[in-house]
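Heads up: the protein sequence lines correspond to chains A and B, in order. Numbering (this note's numbering) for the first sequence: 1 to 118. Numbering (this note's numbering) for the second sequence: 119 to 505. Glycine included, each C-beta is placed from N, C-alpha and C at the ideal position.
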Amino acid sequence: MKKKKAGKKPEKVKIKKIKVKKPPQPEWKTKPIGGMIFEAGNSLKYLTGTWKTARPITNYDKCIHCLKCVVYCPENCIKAKNDKKDHTEYQYCKGCGICAQVCPVKCIKMEDEDKFQE
Amino acid sequence: MVKTLALTGSEASAEAWRQINPDVAPVYPITPTTEIISKFSQYHADGKVDTEMMLVECEHSAMSAAVGAAASSARTVTATDSQGLAYMWEVIPIASGLRLPIVMQIANRALSSPGNIHCDHGDSMACRDTSWIQIFSETAQEVYEHTLLATKLAEHKDVQLPAMVMQDGFITSGNLEKVKVYNDTDVRQFIGSYNPTYSMLDLQKPHSFGALNLHDSYFESKRQQEEAMRNAKKLYLQIGKDLSKITGNKYDYFEKYRLDDAQYVIICLNATGGTTKEVIDRLRAKKKKVGLLRIKLFRPFPYDEIANALKKARAIAVLDRSESYGAYPPVFGEINNALNLLKKKPKVQSYIFGIGGRYIFEKDIENVYSELMRNKFRKEPQYIGVR
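Structural data, given as structure tokens:
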């Protein structure tokens, strides 16, 4: 019995620990009044990825590169290269889990974010 | 050349607007503020101002249009009260949060329901925590001068906050009074031009207004608003001094009427100050040491100055023309806070009067003084004129 169970090993996920660096925020004395913004595209500096409690991990061996996750991602943080799924930009991923939900081959697993934090 | 005219409080507001000649006036008339707008529309029709008058479809749109205009570096005014102000409320904190110096005239009127068009201060008190400068005025003359002062104060680069100028609906706004209107050129020179730090139409330096500021950055913007309010308190006196060079009148945080040696003091806002002064003169003739402190600048609130002015008083009555249901009324709460700064705190009693325009008579105010002299203090606020 034990042997059978050992034969069906759960997929191993490589967990790489990363440090999340938040950009420094100005103090009230130096902040522009009225919460005004002067530069275009500064939302790139706003790392919404720090919010997430679950992280989508893609098993690229199973991935069929249908790019459904790329289209469905509300943060536009799953990137494709040469018509193939390339990587997920975790600094913007809020961990909503839509990619895992829409994946037809279920190759995306939502892993607990705690595991990745130092 | 100073002209002396017979004007209502509303007309005095419109006269100030005529002299200021604002760039944009998005308005939606409501009783009793309608008269301000109709009088100003006449000036507009007669070509005495080159203001862009926007007749919008509701007060929410009026304040929204005012925000847009002010953000595009236009000097903007509007006027409303009661339900109109309540309908504007969603945009009221946006105007202050975006630091737009819109100046709004309010002829205070009771809030529905039951429906009522007469004066109480419930409408502007509901906006007291929205980071708008609030100036209360007793007479049509004060309404006119406070409008000029508010415009200059709101637009100061260290303030950049919107301001409300209050007058009592109908009591001040509808009654004819003698008003001194100062020289157009002097007033315009005092007001100057509006040069905002940021303009939405500045194409050389484009920037976003009203961006999302979440938990990690919103707090700092709010702290800045508090600092701007503190600056406004200091600058109110400074700008007041500049204005007195034209008018010869004083612009203190509050009016002191026979207060210096007074033992029994009434504190109130707006037109009730006039009635109280009549009573004071009569009681003073009988050698009663009575006085009045009438607050003009309600936001930012001058705690230290009021505490200092009241340190010799024996007993104080605070007359509120609005309620804070389930709590002590607004002016009483502030006065109580101010008095806590004193080592020896005088006794203080809260009164509520005039809700929904209920009359207050000289005999009522005499009765308040008499209760103070008889040392009659109660924990609960007392009602004047309720059946």
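* To do: Express the C-alpha separation of I138/B and I309/B in angstroms, rounding to a whole number.
  => Distance between the alpha carbons of I309/B and I138/B is about 7 angstroms.
* To do: Taking C-beta pairs closer than 9 angstroms, name the residues in chain A that F416/B reaches, listed in chain order.
  => Neighbours of F416/B in chain A, taken as residues whose beta carbon is under 9 angstroms from its own, are absent, since the nearest beta carbon is some 23 angstroms off.
* To do: Check the Cβ of A329/B against every Cβ in chain A and list those closer than 8 angstroms, keeping chain order.
  => Under the 8 angstroms cutoff, chain A gives G35, M36 and I37.
* What are the boundary residues of the alpha helix (DSSP H) that V71/A is part of? -> For V71/A, the enclosing alpha helix (DSSP H) has its first and last residue at K68 to Y72.
* Asked: Any residues in the stretch 269-289 of chain B with a beta carbon nearer than 8 angstroms to a beta carbon of chain A? Which ones, in chain order?
  -> If you check each beta-carbon in the stretch 269-289 of chain B against every beta-carbon of chain A, the ones closer than 8 angstroms belong to Q278.
* Asked: In chain A, which residues lie less than 8 angstroms from T315/B when you measure between Cβ atoms?
  -> Against chain A, a Cβ distance below 8 angstroms from T315/B picks out I33.
* To do: List the residues of chain B that E27/A touches, going by C-beta distances under 8 angstroms, in chain order.
  => By Cβ distance, chain B contributes E338.
* To do: Have a look at Q259/B, T257/B, L216/B and A258/B and flag the residue whose alpha-carbon is nearest the alpha-carbon of T248/B.
  => Ranking Q259/B, T257/B, L216/B and A258/B by Cα distance to T248/B puts L216/B first.
* Would you say H333/B reaches chain A, if we count a Cβ-Cβ gap shorter than 8 angstroms as a contact? -> Interface residue (Cβ-Cβ distance to chain A less than 8 angstroms): H333/B is not classified as such.
* **Nearest candidate by alpha-carbon position, reference L332/B, set K85/A, L44/A, T48/A and Q101/A** => Considering only alpha carbons, the answer is T48/A.
* To do: Could you tell me which residues DSSP pairs with T196/B in its beta bridges?
  => Per DSSP, M222/B.
* Asked: Going by other Cβ atoms of all chains shown within 10 Å of its Cβ, with 16 needed for buried, is S286/B buried or exposed?
  -> Correcting the residue type first, residue 286/B is Asp in the shown sequence and not Ser. Burial is judged here by how many other beta carbons sit within 10 angstroms of a residue's own beta carbon; D286/B has at least 16 and is buried.
* Asked: Quick one: does L216/B have its CB under 8 angstroms from some CB of chain A?
  -> At a cut-off of 8 angstroms, the C-beta of L216/B has a neighbouring C-beta in chain A.
* Which bits of chain A does K323/B rub up against, with CB to CB less than 9 angstroms? -> Ordered by position in chain A, the residues that pass the 9 angstroms Cβ test against K323/B are F38.
* Asked: Based on the DSSP output, what are the partners of Y382/B in its beta bridges?
  -> Paired residues: V408/B and A433/B.
* Listed by chain order, chain A residues near S249/B by CB distance under 9 angstroms -> Among the residues of chain A, none has a CB under 9 angstroms from the CB of S249/B; the nearest is roughly 11 angstroms distant.
* Over the uninterrupted beta strand (DSSP E) stretch that includes F495/B, give me the two end residues. => Counting along the chain, F495/B falls outside any beta strand (DSSP E), and DSSP gives it neither H nor E.
* Asked: Do A225/B and N234/B have their C-beta atoms closer together than 8 angstroms?
  -> No, they are not a contact pair.
* Own chain, CB closer than 8 angstroms to Y469/B, minus 5 neighbours either side, in chain order -> Within the same chain, Y469/B has close Cβ partners A435, V436, L437, D438, V486, P499, Q500, Y501 and I502.
* Nearest chain A C-beta to S190/B closer than 8 angstroms, yes or no? -> Not one chain A Cβ lies under 8 angstroms of S190/B.
* Alpha carbon of S335/B to alpha carbon of R341/B, nearest angstrom -> Distance between the alpha carbons of S335/B and R341/B: 10 angstroms.
* With DSSP collapsed to three states, give me the class of D168/B. => DSSP places D168/B outside both helix and strand once states are collapsed to three, so it counts as coil.
* **the stretch 400-413 of chain B contacting the stretch 362-378 of chain B, beta-carbon criterion three pairs below 8 angstroms** => Yes, the stretch 400-413 of chain B is in contact with the stretch 362-378 of chain B.
* **Near-chain A residues of the stretch 341-366 of chain B (beta-carbon distance less than 7 angstroms), N- to C-terminal order** => Cβ contacts with chain A come from R341 and Q342.
* Asked: How many Å lie between S190/B and F327/B at the Cα?
  -> Their backbone Cα atoms lie some 10 angstroms apart in a straight line.
* Asked: Between the C-alpha atoms of K3/A and A329/B, what's the straight-line distance to the nearest angstrom?
  -> Model confidence at K3/A stands at a pLDDT of 49, short of 50, so the residue's coordinates are unreliable and nothing is read from them.
* Counting along the chain, where does the alpha helix (DSSP H) carrying Q342/B start and finish? -> That run of the alpha helix (DSSP H) goes Y336 to T365.
* Do you know how far the Cα of A427/B is from the Cα of I453/B? -> Computed Cα separation, rounded: 11 angstroms.
* To do: Check the C-beta distance from E200/B over to D241/B and give it rounded, since I have them as a contact under 8 angstroms.
  => Just to set this straight, residue 200/B is Ser in the shown sequence, not Glu. Indeed they touch by this definition, with Cβ atoms about 5 angstroms apart.
* To do: Give a yes or no on whether the C-beta atoms belonging to T196/B and I212/B are separated by under 8 angstroms.
  => Remark: C-beta atoms of T196/B and I212/B do not approach each other more closely than 8 angstroms.
* **Interface flag, S326/B vs chain A, CB-CB below 8 angstroms** => So yes, S326/B belongs to the interface.
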